[in-house]
Amino acid sequence: MMQRRANSPFEKKALAILIAVSLGLVSLLYHPVRSALTRLLYAGATPVYSFGASIANASSSFLANFKNKESLYYENAMLRAENERMQAEVLDRNLLQERVMKLEEVLGRPHNDNRVVADVTISFGRSVYDTLSIDAGMDHGIQNGDVVVYAGGAAIGEIAEVGASSAKVRLFSSPGQEYAALIGSHSIPAIAHGKGDGNFESKVPQGSAIAVGDRVVIPKGNLILGTVQAIDEKPGVPLTTVFFRLPFNPTEIRTVEVVIGSR
Amino acid sequence: MVKRIIFNFVLLAAIFYTPWWIATPLAFCGAFLFNPYYEVIALGVVIDLLYGTSASALHGTAGIVGAVGLFFLGTIAASVIRPGYSFRC
Chain C
0 MMQRRANSPF
10 EKKALAILIA
20 VSLGLVSLLY
30 HPVRSALTRL
40 LYAGATPVYS
50 FGASIANASS
60 SFLANFKNKE
70 SLYYENAMLR
80 AENERMQAEV
90 LDRNLLQERV
100 MKLEEVLGRP
110 HNDNRVVADV
120 TISFGRSVYD
130 TLSIDAGMDH
140 GIQNGDVVVY
150 AGGAAIGEIA
160 EVGASSAKVR
170 LFSSPGQEYA
180 ALIGSHSIPA
190 IAHGKGDGNF
200 ESKVPQGSAI
210 AVGDRVVIPK
220 GNLILGTVQA
230 IDEKPGVPLT
240 TVFFRLPFNP
250 TEIRTVEVVI
260 GSR
Chain U
0 MVKRIIFNFV
10 LLAAIFYTPW
20 WIATPLAFCG
30 AFLFNPYYEV
40 IALGVVIDLL
50 YGTSASALHG
60 TAGIVGAVGL
70 FFLGTIAASV
80 IRPGYSFRC
């Protein structure tokens, strides 16, 4: 019996593609191989990203030389005003935090989460995946499922893959993700469905006391998930659709905190 | 050959430094210009390893799946538009 071999150039190339795709899929779907390749790639990629960041910094400081004096003066005044306003807000926030801590102590539930601060090495928006990478990992006590927080009180995602000194964060807003959430001042329970790019959608019973601008929090740790942007209420439909999003631009996240043991 | 190597570096830099909506048309251009552009499949794997996770959409294989799609789209577009081009195929 004769075996048929791939002789024509077309058959050889088709076979090469098939082998390349199969090898790629096996390496991605088989977890130990994927982890090993990711670690290897990150070892080389980290200096590449650092180089890119330093080039970006150098070019922005070079371009700043060409800005005219008047616009710089105006920008400086604006930034000073903004800084003063934010300092006042921080004072207010510190007072509130003290009160919350006292109340928690009185109730016997002291708030003592352990957090690790990490820099973002690969920022959000580079790929179709709603992920970012940070420069802390297992060496710092981080584990899969730990909640990642931005600006102290906004929950942005959870650790999805962790290496020795790096980790990938999957945003809560990733398409297909579902999380329990409480919406508005009446803490209406709902399921937040991730829609990508920091957007969420939830369904609540019609007539629920929710307004645009209301905060959405995750029940564990009372961390902010987003603010309500729009409400779609149709007469005769028992459920109202609530659209909300992160209260900041996720591409601007440069530093995050990982809440250790929060999974 | 030199053009192809330079293009590969440009595409790799785009994957590292630019958003996906810049790298994707570049990858399509590669599949359109070079016959056949196998490198795009390897770059799809790089995207999945750099940015994806096992818990992401398509089990973190969206990069390679998209790369295979771009490979065939670019090749088909080239065979339709460019005279004398075929998958040597």
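Sequence order for the protein chains is C and U.
According to numbering that gives the first Met the number 0, numbering within the first sequence proceeds without interruption in unit steps and concludes at 262.
According to numbering that gives the first Met the number 0, numbering within the second sequence proceeds without interruption in unit steps and concludes at 88.
Don't be surprised by glycine CBs; every beta carbon is placed ideally from N, CA and C.
7 Å Cβ cut-off: residues of chain U touching residue i
i, result
"residue 167(C)", "52"
"residue 253(C)", "Those within 7 Å of residue 253(C) in chain U number zero; the least Cβ separation is about 16 Å."
"residue 125(C)", "18, 19, 50"
Cβ neighbour criterion (16 or more within 10 Å) applied to residue i
i, result
"residue 0(C)", "Note that residue 0(C) scores a pLDDT of 47, beneath 50, so its modelled location is shaky and nothing firm can be said."
"residue 254(C)", "exposed"
"residue 17(C)", "exposed"
"residue 211(C)", "exposed"
"residue 147(C)", "buried"
"residue 89(C)", "exposed"
"residue 209(C)", "buried"
"residue 177(C)", "exposed"
"residue 258(C)", "buried"
"residue 47(C)", "exposed"
"residue 43(C)", "exposed"
"residue 21(U)", "exposed"
"residue 256(C)", "buried"
"residue 135(C)", "buried"
"residue 161(C)", "buried"
"residue 0(U)", "exposed"
"residue 167(C)", "buried"
"residue 50(U)", "buried"
"residue 244(C)", "buried"
"residue 94(C)", "exposed"
"residue 57(C)", "exposed"
"residue 97(C)", "exposed"
"residue 35(U)", "buried"
"residue 156(C)", "buried"
"residue 38(U)", "buried"
Partners in chain C for residue i, counting only beta-carbon separations shorter than 8 Å
i, result
"residue 45(U)", "40"
The ligand GDP heavy atom lying under 8 Å from the CB of residue i
i, result
"residue 69(U)", "For the ligand GDP, the structure offers nothing, since it holds no ligand at all."
Enclosing alpha helix (DSSP H) for residue i [first to last residue]
i, result
"residue 48(C)", "30-63"
"residue 2(U)", "1-16"
"residue 61(U)", "61-80"
"residue 101(C)", "68-105"
"residue 46(U)", "38-50"
Proximal chain U residues relative to residue i, where beta-carbon distance stays under 8 Å
i, result
"residue 128(C)", "50, 51, 52, 55, 56, 59, 61"
"residue 174(C)", "56"
"residue 20(C)", "40, 63, 67"
"residue 121(C)", "49, 50"
"residue 33(C)", "48, 53, 59"
"residue 15(C)", "37"
"residue 44(C)", "15, 49"
"residue 24(C)", "60, 63"
Extent of the continuous beta strand (DSSP E) to which residue i belongs
i, result
"residue 205(C)", "Element bounds for residue 205(C): n/a, residue is neither H nor E."
"residue 156(C)", "153-161"
"residue 24(U)", "Per DSSP, residue 24(U) belongs to no beta strand (DSSP E); it is in the alpha helix (DSSP H), 19-32."
"residue 238(C)", "238-244"
"residue 178(C)", "177-182"
"residue 149(C)", "146-149"
"residue 120(C)", "113-121"
"residue 134(C)", "No beta strand (DSSP E) contains residue 134(C), which DSSP labels as neither H nor E."
"residue 231(C)", "222-231"
"residue 167(C)", "166-170"
"residue 194(C)", "187-195"
"residue 254(C)", "254-259"
Under 9 Å by beta carbon: chain C residues contacting residue i
i, result
"residue 79(U)", "What residue 79(U) touches in chain C: nothing, since even the nearest Cβ is about 17 Å away."
Contacts of residue i in chain U (Cβ-Cβ under 9 Å)
i, result
"residue 48(C)", "15, 16"
"residue 36(C)", "44, 48"
"residue 28(C)", "53, 58, 59, 60"
message = Taking beta-carbon pairs under 9 Å, can you tell me which members of the region 28-41 of chain U lie near chain C?
response = 35, 37, 40, 41
ask   = Would you call the region 177-188 of chain C and the region 213-226 of chain C touching, i.e. three or more CB-CB distances under 8 Å?
value = yes
inquiry  = I want to know whether the region 67-80 of chain U touches the region 17-31 of chain U - three or more CB-CB distances under 8 Å.
reply    = yes
inquiry  = Please identify, using Cβ separations under 7 Å, the residues of the region 1-21 of chain U that lie next to chain C, in order along the chain.
reply    = Contacts with chain C (Cβ-Cβ distance below 7 Å) from the region 1-21 of chain U involve 15, 16, 18, 19, listed in chain order.
ask   = Per the contact definition of three or more C-beta pairs closer than 8 Å, is the region 44-55 of chain U in contact with the region 16-30 of chain C?
value = yes
query = Does the region 246-253 of chain C touch the region 120-136 of chain C, meaning 3 or more C-beta pairs lie closer than 8 Å?
reply = yes
task = Could you name the residues of the region 140-161 of chain C whose beta carbon sits closer than 8 Å to any beta carbon of chain U, in the order they occur along the chain?
result = 159, 160
ask   = Is the region 165-180 of chain C touching the region 0-9 of chain U in the sense that three or more CB pairs, one from each, lie closer than 8 Å?
value = no
ask   = Of all the residues that make up the region 175-193 of chain C, which are near chain U by a beta-carbon distance shorter than 7 Å?
value = 175
message = Closer than 8 Å is the cut-off here; do at least three beta carbon pairs connect the region 96-107 of chain C with the region 126-142 of chain C?
response = no
At least three beta-carbon pairs within less than 8 Å, the region 228-236 of chain C to the region 8-17 of chain U = no
query = If contact means a Cβ-Cβ distance below 8 Å, which residues of the region 78-101 of chain C contact chain U?
reply = none
key: Under 8 Å (Cβ pairs) to chain U, residues found in the region 51-75 of chain C   = 51
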